[in-house]
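Asker: Quick one: the structure is below, questions incoming.
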Amino acid sequence: WQVRAIAGARPLPLFGGLLEREVVSEPTGTLPRMTLGEEVVEDYLALRLSLRAHPMELLRPKMPGLTAHVVLPHAGRRVTVCGLVITRQRPGTASGVIFLTLEDETGVSNVVVWTRVYEAFRRAVIGGRLLRVTGQLQREGQVIHLIAEQIEDMSPSLGQLGHVEADRIDPTQGRADEARRPVISRGGIVREVSRKHHPRDQAKVLFPSRDFH
42 WQVRAIAGAR PLPLFGGLLE REVVSEPTGT LPRMTLGEEV VEDYLALRLS
92 LRAHPMELLR PKMPGLTAHV VLPHAGRRVT VCGLVITRQR PGTASGVIFL
142 TLEDETGVSN VVVWTRVYEA FRRAVIGGRL LRVTGQLQRE GQVIHLIAEQ
192 IEDMSPSLGQ LGHVEADRID PTQGRADEAR RPVISRGGIV REVSRKHHPR
242 DQAKVLFPSR DFH
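Going by my numbering, the sequence shown opens with residue 42, and the numbers climb by one from there.
Below is the structure:
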């Protein structure tokens, strides 16, 4: 009852001084704008997909000589494709043949890896997240397979998805300096970046495939 007796219109001593102070306007904090590659990486971290762009759409300009899945029906007999590894399959009844499904921004390609090719490019076939495959096209009606002849692991290229523009990297810092993290400068804002959490380093462990043996 004593609490209820306090007049509601009179400010309590604890907060009374707030009404007499001047209102202080604080500057609005601004964050550097993320690149499209960084946004794609963050989308994959959260959702395992991105509606903004496919990683191959961003990497293709740096990889000349590739054939997109969408033009395979009209391509020549020998082509080179590149894409994320969606599935790896090695059925027990296939005599050691491995089937890969590669995805680019236009669709998926079916790759057949014979045993001798697998032995030659074993590490790339098993561990690659982004593969560049050169081989011969084999058409059976509407179904197109790529018989692999050469396989290259392009997974390190995924780390480029989170790169900022070259002219915004502080030239006084070296990437090989592990004692001091690279300092990224954007629009005059210099900040220290943790390599563990930077999008370009997270991209290297993204895009897992579904493997069946």
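C-beta: ideal position from N, C-alpha, C; glycine also. These numbers come from a predicted model, not from an experiment.
Return the chain-ordered ranges of every beta strand (DSSP E) run that is complete within the stretch 161-191 and spans a minimum of 3 residues.
Answerer: With a minimum length of 3 residues, the continuous beta strand (DSSP E) runs that stay inside the stretch 161-191 are 171-181.
Asker: Check the DSSP bridge columns for Ser150 and list the partner residues they point to.
Answerer: The partner list for Ser150 (beta bridge, DSSP) reads Leu143.
Asker: Got a sec, what are the start and stop residues for the beta strand (DSSP E) Ala112 sits in?
Answerer: The sequence given here places Val at residue 112; Ala does not occur at that position. First-last for Val112: undefined, no H or E at that position.
Asker: Taking the alpha-carbon of Leu107 as reference, which of Cys123, Thr142, His95 has the nearest alpha-carbon?
Answerer: Out of Cys123, Thr142, His95, Cys123 has the C-alpha closest to the C-alpha of Leu107.
Asker: Per DSSP, what kind of secondary structure is Val138 in: helix, strand or coil?
Answerer: Of the three classes helix, strand and coil, the one that applies to Val138 here is coil, per DSSP.
Asker: Answer yes or no: do Val265 and Leu143 have a C-beta to C-beta separation smaller than 9 Å?
Answerer: Since the first residue of the chain shown is 42 and the last is 254, residue 265 is not available in this structure.
Asker: Of all the options Glu83, Ala165, Arg93, which has the alpha carbon lying nearest to the alpha carbon of Val126?
Answerer: Here the closest residue by C-alpha is Ala165.
Asker: List the whole-angstrom C-beta distance separating Val174 from Thr121, where the pair is believed to meet the contact cut-off of C-beta under 8 Å.
Answerer: So it is a contact: roughly 7 Å between Cβ atoms.
Asker: Along the chain, where does the beta strand (DSSP E) that runs through Leu125 open and close?
Answerer: Its beta strand (DSSP E) spans residues 119-130.
Asker: So for Val234, helix, strand or coil by DSSP?
Answerer: Here Val234 scores only 44 on pLDDT, less than 50, and its place in the model is too uncertain to base an answer on.
Asker: Is Leu172 buried or exposed, if buried means 16 or more other CB atoms sit within 10 Å of its CB?
Answerer: Buried, since its Cβ has 16 or more Cβ neighbours within 10 Å.
Asker: Cα-Cα, which of Arg170, Pro73, His186, Gly137 is closest to Asp194?
Answerer: Closest option to Asp194, Cα to Cα, is Arg170.
Asker: Quick check on Glu67: does DSSP put it in helix, strand or coil?
Answerer: Of the three classes helix, strand and coil, the one that applies to Glu67 here is coil, per DSSP.
Asker: His186 and Asp145: beta carbons closer than 9 Å?
Answerer: Contact: no.
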